[in-house]
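Undergrad:
In our numbering, the protein residues as written are 76 to 264.
(1) Can you give me the start and stop residues for the alpha helix (DSSP H) that residue 165 sits inside?
(2) Among 208, 153, 163, 145, which one has its Cα closest to the Cα of residue 134?
(3) Rounding to the nearest angstrom, what Cα-Cα distance links residue 124 and residue 131 in this structure?
(4) Any contact between the stretch 86-98 and the stretch 151-170? By contact I mean 3 or more CB pairs, one from each, below 8 Å.
(5) Could you pull the DSSP bridge partners for residue 190 from this structure?
(6) So residue 190 and residue 233 are in contact, right, with Cβ under 8 Å, and what is the actual spacing, rounded?
(7) Leaving out the 5 sequence neighbours to the left and right, which residues in its chain are closer than 7 Å to residue 105 when beta-carbon positions are compared?
(8) Among the residues of its own chain, which have a CB less than 6 Å from the CB of residue 199, if the five just before and after it don't count?
(9) By Cβ distance below 8 Å, which residues in the same chain neighbour residue 214 in space, the five residues on each side in sequence not counted?
(10) Buried or exposed: which applies to residue 186, given that a residue is buried once 16 or more other Cβ atoms fall within 10 Å of its Cβ?
(11) First and last residue of the beta strand (DSSP E) that includes residue 84?
(12) Where residue 237 and residue 116 are concerned, what is the direct C-alpha to C-alpha distance, given to the nearest angstrom?
(13) Give me, in chain order, the residues of the same chain whose beta-carbon lies closer than 6 Å to that of residue 196; leave out the 5 immediate sequence neighbours on both sides.
(14) For residue 248, which of helix, strand or coil comes out of DSSP?
(15) Quick one: what does DSSP say residue 111 is sitting in, helix, strand or coil?
(16) Considering just the uninterrupted stretch of the alpha helix (DSSP H) at residue 95, what are its terminal residues?
(17) Just to check my reading of the structure: residue 179 and residue 140 have Cβ atoms closer than 8 Å, yes? What is that Cβ distance to the nearest angstrom?
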C-alpha cells in the first residue's frame, strides 16, 4: 500500500513532556518529527534537541523545526547555525512574515533549508506569489489550503514553486487526520 508521509508534531516543554510526545509519535509510526520552538528559552530548546539527537540518529528520525517567526533578523543566523548541529531537515518561517529581503538573505546563507509558511498567507494574486518566491528563493513552501486561498490557490503555488526550484509539502492548520483529509484529497485530483 502506498503511503503519504507526514510529520508528527511535538510541542516544546520540559524534557519529560517532550520525550513522551516523541515516543507517542514514534509508536504511531512517524519518522519525521516537527518541533515547535520559540515558546521557551532558546538554549533550553537546544538542550532538548540535543537530548533527542543523542537518542535518535538522523537515519532514525527526520527533525523539522517550526519557529513561527520567533527569531529576529539580527540574530536569526546565529540561531540557525546553532540548530544545524542537530541535522535539521528544514525550519519553517524563522522570522516574521513580511520581511522579504531579510528572509531572502537567510535562505541564501542558512545551513538549514528554509520553508515559507505564514509568508504565503494573504498572497492571492499570481503576480504576488511569483514576486514572493522570486525575491525570497526559499528551499520549500508549506501549503495550508484553508490559509492560502483553497485548493486552486495551492495548485498555483505548486506550479510557481516548481518554476522557482522550491519544493513543497501540504499540511493543514489542524495537524490531525481530520485536518489533513481535505489536503490529501487535493493530491488525488
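Beta carbons are placed, not taken as given, at the ideal position from N, Cα and C, and that holds for glycine. Everything numeric in this text was worked out from a predicted model, so none of it was measured.
TA: Let's see:
(1) To locate residue 165, count along the chain shown from 1; it is residue 90. Residue 165 -> not in any alpha helix (DSSP H); beta strand (DSSP E) instead, spanning 163-167.
(2) Residue mapping note: residue 134 aligns to position 59 of the chain shown, counting from 1. Among 208, 153, 163, 145, the Cα nearest to that of residue 134 is on 163.
(3) Taking the chain shown and counting its residues from 1, the one referred to as residue 124 is at position 49. Taking the chain shown and counting its residues from 1, the one referred to as residue 131 is at position 56. The straight-line gap from Cα to Cα measures roughly 10 Å.
(4) no
(5) Taking the first residue of the chain shown as 1, we reach residue 190 at position 115. DSSP output for residue 190 lists 167, 215 as bridge partner(s).
(6) Start at 1 with the first residue of the chain shown, and residue 190 comes out as number 115. Start at 1 with the first residue of the chain shown, and residue 233 comes out as number 158. Not confirmed; about 14 Å, so no contact.
(7) The residue labelled residue 105 in the question sits at position 30 within the chain shown. Answer for residue 105: 82, 83, listed in chain order.
(8) In the chain shown, the residue the question calls residue 199 occupies position 124. So the list reads 224, once near-sequence residues are dropped.
(9) Residue 214 sits at position 139 when you count from the first residue of the chain shown. Here the set comprises 165, 182, 188, 189, 190, 241, 242.
(10) Residue mapping note: residue 186 aligns to position 111 of the chain shown, counting from 1. Classification for residue 186: exposed.
(11) Position 9 of the chain shown, counted from the first residue, corresponds to residue 84. Residue 84 -> beta strand (DSSP E) spans 83-86.
(12) As a first step, residue 237 is located in the chain shown; it is residue number 162 there, counting from the start. As a first step, residue 116 is located in the chain shown; it is residue number 41 there, counting from the start. Roughly 37 Å separates the two Cα atoms.
(13) Reading the chain shown from its first residue, position 121 is the one you call residue 196. Counting only Cβ-Cβ distances below 6 Å, and skipping sequence neighbours, we find 222.
(14) Residue mapping note: residue 248 aligns to position 173 of the chain shown, counting from 1. Of the three classes helix, strand and coil, the one that applies to residue 248 here is coil, per DSSP.
(15) Numbered from its first residue, the chain shown carries residue 111 at position 36. It is a strand residue.
(16) Here residue 95 refers to the residue found at position 20 of the chain shown. Residue 95 -> alpha helix (DSSP H) spans 90-102.
(17) As a working mapping, residue 179 is identified with position 104 in the chain shown. As a working mapping, residue 140 is identified with position 65 in the chain shown. Incorrect: roughly 19 Å between the Cβ atoms, too far for contact.
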